[in-house]
């Protein structure tokens with residue numbers, strides 16, 4: 522479905538290519554795209570809000586080195602990790618439930634509507650990321666009376682809030698956490714702090730005073746409680762609506778695969794993928810009884826008859842107590858070469 | 139099964155967990171319980187934090203006196219640039235109904251002054267301010283050199299537009315005796331600004347060091363004569379200059395002008411009574427519809443008397459708790475529709 526060219530030697534490889542790797546690839550691509558657009562909208566639209574306060578003079582909110590490093594080092598690795606390793610269900614379940622392939626066919630996970638949702642989310646996040654630090658710093662001082670409402674402190678707070686928000690967002694969107702994902706995500710966050718300390722350190726700023734101008738900002742700003750509270754509030758305001766939406770979406774706007782995911786969740790307890798032998802004895806595990814004696818639906822898919830029999834297949838899979846007589850004759854009689862899946 | 143030829147085997151991807159997409163991992167699951175837990179705890183935390191912040195903001199005291207137009211006819215006088223050498227002073231009385239306890243800080247506040255303009259922020263030379271090279275004026279357009287090509291010290295639009303009003307606070311002990319409230323002009327800046335970012339060329343005679351340079355056009359005195367009373371407060375280490383050079387993020391800002399010296403009558407702060415500000419009005423703001431005021435303020439652990447953070451936290455906490463209850467209700471209503479788990 523994503524227009525790639527593959528060459529493989531045996532037809533039965535097609536099943537795994539489509540149902541497992543093709544499906545994962547589509548999911549990862551859509552997640553990657555929606556996250557990437559979101560992160561860049563959030564980053565850029567802060568300047569739209571700031572324009573109203575700086576006389577429309579195109580003064581950037583962030584420091585120049587942050588702008589250079591943002592897409593390059595602070596946010597590239599986590600999204601790379603998600604794009605390489607993310608799996609919504611593992612390969613066994615992908616093969617068991619070919620219906621999971623449908624969102625790709627229906628262009629469900631990234632289309633114009635999803636893009637507009639990214640845009641709206643980016644606008645909202647940028648609004649929060651600008652106005653919460655602005656409200657905090659506008660009329661405040663440090664607790665020893667000295668300045669905290671200056672441009673450099675404001676810049677640092679917005680930068681740090683932004684990095685935390687986009688990191689928490691990618692952490693929320695990554696469903697399959699390998700050790701590499703952990704390293705990429707928490708490592709990028711740690712790297713941001715190390716880079717900030719380095720770029721704003723005395724040595725570098727004194728060596729190149731006109732290039733590195735933010736001397737001492739981290740030390741003087743980050744020990745103030747109102748700055749940390751502002752960052753926490755920005756993160757909370759950006760993340761809670763997203764979590765709430767993720768919770769409510771399958772309840773109010775379910776899509777076809779939501780039922781399949783529920784089914785898989787039910788089968789996962791206790792935490793074992795169902796072996797073929799067990800399901801014959803368990804009557805409550807409706808999900809996989811139909812496969813207890815089948816080779817699989819590989820032949821059916823490759824023969825092109827899947828579309829016609831889709832409706833009847835669904836009825837068979839999700840109804841109680843039906844015998845194998847309901848399976849279409851073609852599937853029973855088709856011979857697909859056995860292979861370990 | 140026949141053995142595959144060697145060259146075919148070499149094309150197979152490795153059977154490692156990484157390349158076969160079988161790395162050990164744990165899945166992120168947002169079950170209903172966890173989501174509701176997150177919402178409840180966040181709501182409670184934000185609500186408590188908001189109440190604490192609002193209570194502490196209420197405990198501060200602040201007085202702001204806008205003297206843009208109430209200072210004799212100084213505003214009109216300063217609108218014409220040729221009146222620059224005419225001094226204009228005034229005295230603005232006010233009354234403190236409550237004693238200001240503890241440390242009191244005096245600020246000057248400007249409205250409508252955009253220190254965050256792009257070309258304004260760029261117009262400075264940090265090389266010059268760090269004392270490396272007093273003649274380095276590259277980025278300081280349009281205030282690089284004077285008419286006869288002498289470099290300006292300190293160069294740039296930020297330094298040139300420095301706030302130059304003098305504000306003296308006086309206290310009326312009784313109807314006839316007025317004393318000056320002792321204010322400290324030290325300790326107004328960040329430590330890193332005063333000792334690292336801004337340094338004088340050397341400890342020798344500053345006038346010699348700055349020979350061959352000239353003052354910015356809007357300044358009355360050159361940089362080595364900024365503070366005639368305290369010789370250490372001259373050159374680039376002048377605290378008012380350092381405070382001004384830390385450009386503000388928004389068009390309305392206040393900058394520290396002085397700290398109360400807690401001695402004699404003012405050991406516990408500013409007693410209640412009548413005071414007055416004696417102001418030498420030099421900084422023209424009416425030409426760009428700006429305003430200026432003096433602010434006296436006490437502070438707490440989280441800054442001044444801004445209620446924004448407290449309100450925002452309270453509202454967020456309340457909304458999160460309401461959302462948690464709503465989601466719990468929705469979930470219980472839909473529970474019997476076989477939606478026991480939801481997926482990520």
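Chains as they are written, first to last, in my numbering: chain A, 522 to 862; chain B, 139 to 482.
A virtual CB, placed ideally from N, CA and C, is assigned to each residue, including glycine.
Here the structure is a predicted model, which is why all the values come from computation and not from measurement.
To the nearest angstrom, report how far apart residue i and residue j are at their CA atoms.
i                      : j                      : result
residue 359 of chain B : residue 670 of chain A : 29 angstroms
residue 565 of chain A : residue 756 of chain A : 17 angstroms
residue 584 of chain A : residue 778 of chain A : 44 angstroms
residue 539 of chain A : residue 824 of chain A : 14 angstroms
residue 438 of chain B : residue 287 of chain B : 49 angstroms
residue 599 of chain A : residue 563 of chain A : 17 angstroms
residue 525 of chain A : residue 534 of chain A : 15 angstroms
residue 586 of chain A : residue 542 of chain A : 39 angstroms
residue 752 of chain A : residue 192 of chain B : 18 angstroms
residue 712 of chain A : residue 462 of chain B : 35 angstroms
residue 171 of chain B : residue 786 of chain A : 15 angstroms
residue 733 of chain A : residue 590 of chain A : 14 angstroms
residue 702 of chain A : residue 595 of chain A : 14 angstroms
residue 639 of chain A : residue 559 of chain A : 5 angstroms
residue 855 of chain A : residue 552 of chain A : Per-residue confidence for residue 855 of chain A stands at a pLDDT of 42, beneath the threshold of 50, marking its modelled position as unreliable; the derived number appears in the next sentence. So the alpha carbons of these two residues sit roughly 37 angstroms apart.
residue 336 of chain B : residue 269 of chain B : 7 angstroms
residue 309 of chain B : residue 231 of chain B : 10 angstroms
residue 293 of chain B : residue 249 of chain B : 24 angstroms
residue 554 of chain A : residue 452 of chain B : 35 angstroms
residue 339 of chain B : residue 377 of chain B : 16 angstroms
residue 186 of chain B : residue 693 of chain A : 26 angstroms
residue 276 of chain B : residue 307 of chain B : 40 angstroms
residue 593 of chain A : residue 573 of chain A : 29 angstroms
residue 527 of chain A : residue 557 of chain A : 27 angstroms
residue 806 of chain A : residue 473 of chain B : Confidence at residue 806 of chain A is low in this model, with a pLDDT of 44, below 50, so its placement is unreliable and no value can be given for it.
residue 160 of chain B : residue 179 of chain B : 35 angstroms
residue 372 of chain B : residue 759 of chain A : 47 angstroms
residue 460 of chain B : residue 695 of chain A : 28 angstroms
residue 665 of chain A : residue 416 of chain B : 26 angstroms
residue 519 of chain A : residue 153 of chain B : Given that chain A is displayed from residue 522 to residue 862, the structure contains no residue 519 of chain A and the question cannot be resolved.
According to DSSP, is residue i helix, strand or coil?
i                      : result
residue 451 of chain B : helix
residue 577 of chain A : coil
residue 751 of chain A : helix
residue 711 of chain A : helix
residue 361 of chain B : helix
residue 231 of chain B : strand
residue 800 of chain A : Its pLDDT being 45, under 50, residue 800 of chain A is placed unreliably by the model, and nothing is read from it.
residue 279 of chain B : coil
residue 223 of chain B : coil
residue 313 of chain B : coil
residue 774 of chain A : coil
residue 723 of chain A : helix
residue 607 of chain A : coil
residue 602 of chain A : helix
residue 692 of chain A : helix
According to the neighbour-count rule (16 or more other Cβ atoms, all chains shown, within 10 Å of its Cβ), is residue i buried or exposed?
i                      : result
residue 252 of chain B : buried
residue 353 of chain B : buried
residue 322 of chain B : exposed
residue 258 of chain B : buried
residue 662 of chain A : buried
residue 651 of chain A : buried
residue 229 of chain B : exposed
residue 613 of chain A : exposed
residue 315 of chain B : exposed
residue 401 of chain B : exposed
For residue i, which residues of its own chain have a beta-carbon under 6 angstroms away from its beta-carbon, when the five flanking residues on both sides are left out?
i                      : result
residue 101 of chain B : With chain B covering only 139 through 482, there is no way to say anything about residue 101 of chain B.
residue 710 of chain A : 688
residue 151 of chain B : 157
residue 561 of chain A : none
Using a Cβ-Cβ cut-off of 7 angstroms (strictly less than) and excluding sequence neighbours within five positions of residue i, which residues of its own chain qualify?
i                      : result
residue 325 of chain B : 397
residue 681 of chain A : 752
What residues in its chain sit with their C-beta under 8 angstroms from that of residue i, if we drop five residues either side in the sequence?
i                      : result
residue 675 of chain A : 582, 654, 655 and 658
residue 357 of chain B : 298, 300 and 302
Flag residue i as yes when its Cβ comes closer than 7 angstroms to any non-hydrogen atom of the ligand GDP, and as no otherwise.
i                      : result
residue 282 of chain B : No copy of the ligand GDP occurs in the structure displayed, which carries no ligand at all.
May I ask you to verify whether the segment 211-229 of chain B touches the segment 441-460 of chain B, counting CB pairs closer than 8 angstroms and requiring at least 3? no
Check whether the segment 376-386 of chain B and the segment 294-307 of chain B touch, using three or more Cβ-Cβ pairs below 8 angstroms as the test. yes
Across the segment 622-631 of chain A and the segment 733-750 of chain A, are there enough close Cβ pairs to call them in contact, namely three or more that are closer than 8 angstroms? no
At a cut of 8 angstroms, does the segment 416-433 of chain B reach the segment 211-218 of chain B through at least three beta carbon pairs? yes
Would you check if there are 3 or more beta carbon pairs closer than 8 angstroms linking the segment 607-627 of chain A to the segment 716-727 of chain A? no
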